[in-house]
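See structure below.
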């Protein structure tokens with residue numbers, strides 16, 4: 007009996023620890039924490055800022071460059087033979103300002119700039135996909151944490167029922183009463199021990215799920231506040247058209263659009279490689295003013311042209327390599343589009359199926375609760391036995407577990423469908439403020 011009391015206090019303490027907390031962490035606050043602190047999100051948008059600087063650098067190739075030059079030399083020269091033997095001191099200062107502006111070339115600047123612009127688009131699209139994937143992970147781990155806490159409460163309630171059943175069985179099996187055989191007490195005690203093990207397993211799942219949630223939130227130190235568990239058990243899937251969802255995903259999914267941009271990058275890279283095979287030329291306007299003892303100006307136009315005569319076919323090999331890289335990108339894009347279609351179909355069907363499972367599990371839970379109440383009442387009236395109650399309890403725990411699982415499966419599958427389609431994930435900021 008002391009062992010049973012000790013276990014009761016342990017379970018009550020664990021349940022109180024889950025329910026206690028000065029603050030409550032809502033799903034919106036969790037999403038905001040991930041946007042601010044998650045390392046993958048920060049890294050992705052820092053890459054966007056780096057790509058923006060690359061664009062600025064590439065744009066400068068179309069602008070004139072101005073440089074100021076200054077040199078100062080001071081020393082002496084010692085001559086030991088010939089005329090003018092002896093030491094000669096010298097002091098000189100040279101200063102100038104130069105301007106250089108490329109008027110035209112064979113297209114290298116244009117293609118290089120296009121490639122950098124595409125890199126910026128890829129970085130932004132990849133960052134948006136990283137953000138959405140991270141926000142989905144927040145939803146999933148937040149709901150998984152709530153799921154584990156609800157399952158812990160289910161197991162804790164099972165333990166309390168097992169304790170009460172054992173007490174009742176010991177009283178009924180007393181020789182003075184003899185209402186049930188002694189073996190029913192052994193069965194009730196075995197069920198109690200199994201319930202204790204289930205509670206410990208459920209508590210371990212709570213600990214692990216909260217740790218996983220902290221990781222995706224970028225939660226540095228300290229324990230998480232109590233999680234806001236406000237969910238609608240009567241939630242049902244919204245009616246959505248599969249064909250329109252597939253078409254939308256193929257058109258707007260950031261990772262798919264980014265891959266198409268990479269194909270465009272490969273096309274630009276191929277054009278650049280082909281330029282190296284032919285004539286390369288450039289026309290520059292240059293101006294230099296020198297400020298010495300004699301001030302001078304030197305304006306000039308400089309035209310340069312070159313053409314490879316023999317290079318061991320290295321340039322043609324580079325062209326062929328670029329063509330093969332483009333073909334590889336196109337093949338990969340085609341397969342990715344197929345994968346996206348399959349992902350949307352799977353997410354859509356899972357979302358709809360989880361709604362049906364939730365509805366069925368609610369009905370099963372009601373029936374299991376009624377069955378358990380009837381079995382318990384029969385035992386109290388002496389018309390039933392412990393085995394009937396234990397069987398009813400197993401059915402009830404199974405129904406409670408299925409209900410909890412199906413509820414959070416539905417919530418997660420709804421967000422997973424948004425991610426698969428390319429819709430904004432709940433918690434995603436508007437496009438203009440993304441990454442700021």
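Numbering (the working numbering), first residue to last: 7 to 442. We treat Cβ as the ideally placed atom computed from N, Cα and C, and that holds for glycine. These figures come from a predicted structure and were not determined experimentally.
First and last residue of the uninterrupted beta strand (DSSP E) at residue 92 | Here residue 92 is taken as the residue at index 86 of the chain shown, counted from 1. Note, residue 92: beta strand (DSSP E), 92-111.
Return the Cβ separation of residue 99 and residue 78 in integer angstroms, given the expectation that the two are a contact with Cβ distance under 8 Å.
-> Translated into the one-based positions of the chain shown, residue 99 becomes position 93. Translated into the one-based positions of the chain shown, residue 78 becomes position 72. Indeed they touch by this definition, with Cβ atoms about 5 Å apart.
Under the three-state reduction of DSSP, which class applies to residue 304: helix, strand or coil?
-> Here residue 304 corresponds to residue number 298 of the chain shown, with the count starting at 1. DSSP places residue 304 in strand when its eight states are reduced to three.
Buried or exposed: which applies to residue 267, given that a residue is buried once 16 or more other Cβ atoms fall within 10 Å of its Cβ?
-> The count along the chain shown starts at 1 and reaches residue 267 at position 261. Flag for residue 267 reads buried.
Beta-carbon spacing of residue 255, residue 349 below 9 Å = As a first step, residue 255 must be located in the chain shown, where it is residue number 249. As a first step, residue 349 must be located in the chain shown, where it is residue number 343. Going by C-beta atoms, residue 255 is nearer than 9 Å to residue 349.
For residue 53, collect the residues of the same chain with a Cβ closer than 6 Å to its Cβ; drop the 5 residues on either side in sequence, then sort them by chain order.
-> Position 47 of the chain shown, counted from the first residue, corresponds to residue 53. Hits under 6 Å: 129.
Exposure label - residue 136; buried when at least 16 CB within 10 Å | Along the chain shown, one-based indexing puts residue 136 at 130. So residue 136 counts as buried.
Reducing DSSP to helix, strand and coil, say where residue 28 ends up.
-> Residue numbering aside, residue 28 sits at position 22 when the chain shown is read from its first letter. The pLDDT assigned to residue 28 is 47, lower than 50, so where the model puts this residue is not dependable, and the model offers no usable value.
Nearest CA to the CA of residue 392: which residue from 112, 328, 197?
-> Along the chain shown, read from residue 1 onward, the residue named residue 392 stands at position 386. It is 197.
Please determine, among 282, 429, 60, the residue with the shortest C-alpha to C-alpha distance to residue 313.
-> Counted from its first residue, the chain shown places residue 313 at position 307. Checking every option, the nearest Cα to that of residue 313 belongs to 282.
Residue span of the beta strand (DSSP E) that contains residue 411, given as start and end | For the purposes of this step, residue 411 is taken as the residue at position 405 of the chain shown. Segment 392-427 is the alpha helix (DSSP H) holding residue 411; no beta strand (DSSP E) there.
Pick helix, strand or coil for residue 76, following the three-state DSSP scheme.
-> For the purposes of this step, residue 76 is taken as residue 70 along the chain shown, with counting starting at 1. Residue 76 falls in the strand class under three-state DSSP.
Residue range of the alpha helix (DSSP H) that includes residue 214 = Mapped onto the chain shown, residue 214 falls at position 208. Its alpha helix (DSSP H) spans residues 188-223.
Alpha carbon of residue 417 to alpha carbon of residue 177, nearest angstrom = For this step, residue 417 is matched to residue 411 along the chain shown. For this step, residue 177 is matched to residue 171 along the chain shown. Between residue 417 and residue 177, the C-alpha separation is close to 45 Å.
Would you give the residue range spanned by the alpha helix (DSSP H) that residue 290 belongs to?
-> Residue 290 sits at position 284 when you count from the first residue of the chain shown. Run containing residue 290: none in the alpha helix (DSSP H); it sits in the beta strand (DSSP E), 286-296.
Between which two residues does the alpha helix (DSSP H) carrying residue 315 extend?
-> By one-based count along the chain shown, residue 315 stands at place 309. From DSSP, residue 315 is part of no alpha helix (DSSP H); its letter is neither H nor E.
Just reading off the alpha helix (DSSP H) that residue 345 is part of, what are its end residues?
-> As a first step, residue 345 is located in the chain shown; it is residue number 339 there, counting from the start. 320-386 is the extent of the alpha helix (DSSP H) around residue 345.
Roughly how many whole angstroms lie between the Cα atoms of residue 111 and residue 278?
-> What you label residue 111 is simply residue 105 of the chain shown in a count that begins at 1. What you label residue 278 is simply residue 272 of the chain shown in a count that begins at 1. Near 13 Å, if we compare the C-alpha coordinates of residue 278 and residue 111.
Below 8 Å CB to CB, which residues in the same chain sit around residue 118 once its five sequence neighbours on both sides are set aside?
-> In the chain shown, the residue the question calls residue 118 occupies position 112. For residue 118, where only same-chain residues beyond five positions count, the Cβ hits under 8 Å are 64, 67, 278.
Exposed or buried, what is residue 260 when buried is set at 16 or more other beta-carbons lying within 10 Å of its beta-carbon?
-> Position 254 of the chain shown, counted from the first residue, corresponds to residue 260. It is buried - the Cβ of residue 260 has at least 16 other Cβ atoms within 10 Å.
With a Cβ-Cβ cutoff of 9 Å, do residue 167 and residue 399 count as a contact?
-> Residue 167 sits at position 161 when you count from the first residue of the chain shown. Residue 399 sits at position 393 when you count from the first residue of the chain shown. It is a contact, given that the beta carbons lie within the stated cut-off.
Give the DSSP bridge partners of residue 232, in chain order.
-> For the purposes of this step, residue 232 is taken as residue 226 along the chain shown, with counting starting at 1. Answer is 30, bridged to residue 232.
Which same chain residues, not among the five before or five after residue 280, have their C-beta less than 7 Å away from its C-beta?
-> The residue you call residue 280 lines up with position 274 of the chain shown. For residue 280, where only same-chain residues beyond five positions count, the Cβ hits under 7 Å are 325.
Same chain, Cβ closer than 6 Å to residue 235, neighbours up to 5 away in sequence not counted = Taking the first residue of the chain shown as 1, we reach residue 235 at position 229. So the list reads 152, once near-sequence residues are dropped.
Could you give the distance in angstroms between the alpha-carbon of residue 187 and the alpha-carbon of residue 163?
-> The residue given as residue 187 occupies position 181 in the chain shown. The residue given as residue 163 occupies position 157 in the chain shown. If I take the Cα positions, the gap works out to 26 Å.
Could you give the distance in angstroms between the alpha-carbon of residue 295 and the alpha-carbon of residue 127?
-> As a working mapping, residue 295 is identified with position 289 in the chain shown. As a working mapping, residue 127 is identified with position 121 in the chain shown. If you take the alpha carbons of residue 295 and residue 127, they lie about 42 Å apart.
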